[in-house]
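See structure below.
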Amino acid sequence: MKKKVILSMLAVALCALNSMTLSAQGVIVYKTDGTKIKVPYTLLDSIATYTYEEGQDDADDNVEEKEYTVGGVTFKMIRVEAGTFQMGSTSGHPDEQPVHSVTISKDYYIGETEVTQELWTTVMGSNPSYFTSNSQLPVETVSWNDCQTFITKLNSLTGATFRLPTEAEWEFAARGGNKSQGYTYSGSNTIGNVAWYTDNSSSKTHVVKTKSPNELGIYDMSGNVWEWCQDWYGSYSSAAVTDPQGASSGSYRVRRGGSWNYIATDCRCSYRSGYTPANTFNNLGLRLTM
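In this note's numbering, the protein residues as written are 3 to 292.
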């Protein structure tokens, strides 16, 4: 059985208080022991929602998913359990080789969807995107540098520690983590089931979550828009590695996943590309990790 718990980032810190005298409107948190805590809206930056399994400690970070609400916009983060996988492809492009063993040593969370224009606009105050017919389209025309500014502001609003995924974290999640079925694309061997790409996109982005998810319940990791990663773009080594952070320096930051105007080959889970961190394009967005 799964439960949903509503928490404020600041309300948690107030739980130790026995009583509060408030005159403003706010949130009342009802506890299972029959007591309640009142928290005024003036103290709330955001509200986070998460699910957890029966018997888990409420303070346990290893919940299955977390939801955050910022300015009325809610987005979900999906847990990816630690694990080991084979990164790269023997049949792909040269920069996808050599295939090597990668261990992700700690659980992490990754966005259920690409960052939407609605969330970006709420945090940044403007929408840089080229395709703007629906607020649930993925944000695009954002540079790697723009993404860092966005994440800094989002962290300030939520008290969380969002970031871009490493390239290894991105590929592990795209492959389905420990639930991977070995698909070529994220969630299927049939690209049209899971991705908007050049053959079906009608030359535009599409609302997130309109294709099928992958094994972890994550959407659009193949196609729709490219997704920035934290790493500098560099060559693989054949050695087994744990929590790789990419090249120590470079001219290009990694982008992954392919997009609405790329062919199927470029939307494979293992396909790699790089782009200059100051540049933008209308097929390039981001997905959050924490």
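Cβ coordinates follow ideal geometry from the N, Cα and C atoms, glycine included. Treat the numbers as computed from the prediction; the structure is a model and nothing was measured.
Item: How would you label Q119, buried or exposed, when you count the other beta carbons within 10 angstroms and need 16 or more for buried?; Value: buried
Item: Strictly by DSSP, which residues pair up with I112?; Value: I80 and T291
Item: With a threshold of 7 Å on Cβ separation, who are the neighbours of T244 within its own chain once the five nearest residues in sequence on each side are excluded?; Value: T105 and S107
Item: What residue does the beta strand (DSSP E) around E142 start on, and which one ends it?; Value: Neither: E142 is in no beta strand (DSSP E) and is coded neither H nor E.
Item: Roughly how many angstroms lie between the CA atoms of N285 and S137, to the nearest whole one?; Value: 16 Å
Item: Please check the pair L139 and S128, which I expect to be a contact at CB under 8 Å, by giving their CB distance rounded to whole angstroms.; Value: About 15 Å separates the two Cβ atoms, so there is no contact after all.
Item: Can you round the beta-carbon distance between G94 and Y273 to whole angstroms, since I take them to be within the 8 Å contact cut?; Value: 7 Å
Item: What three-state label does DSSP hand A249 in the structure shown?; Value: strand
Item: Measure the alpha-carbon distance for S103 versus V227 and round it to whole angstroms.; Value: 27 Å
Item: Per DSSP, V229 forms a beta bridge with which residues?; Value: Contrary to the premise, residue 229 reads as Glu rather than Val in this sequence. Bridge partners of E229: R258 and G287.
Item: Could you compute how far the alpha carbon of S214 sits from the alpha carbon of T124?; Value: 27 Å
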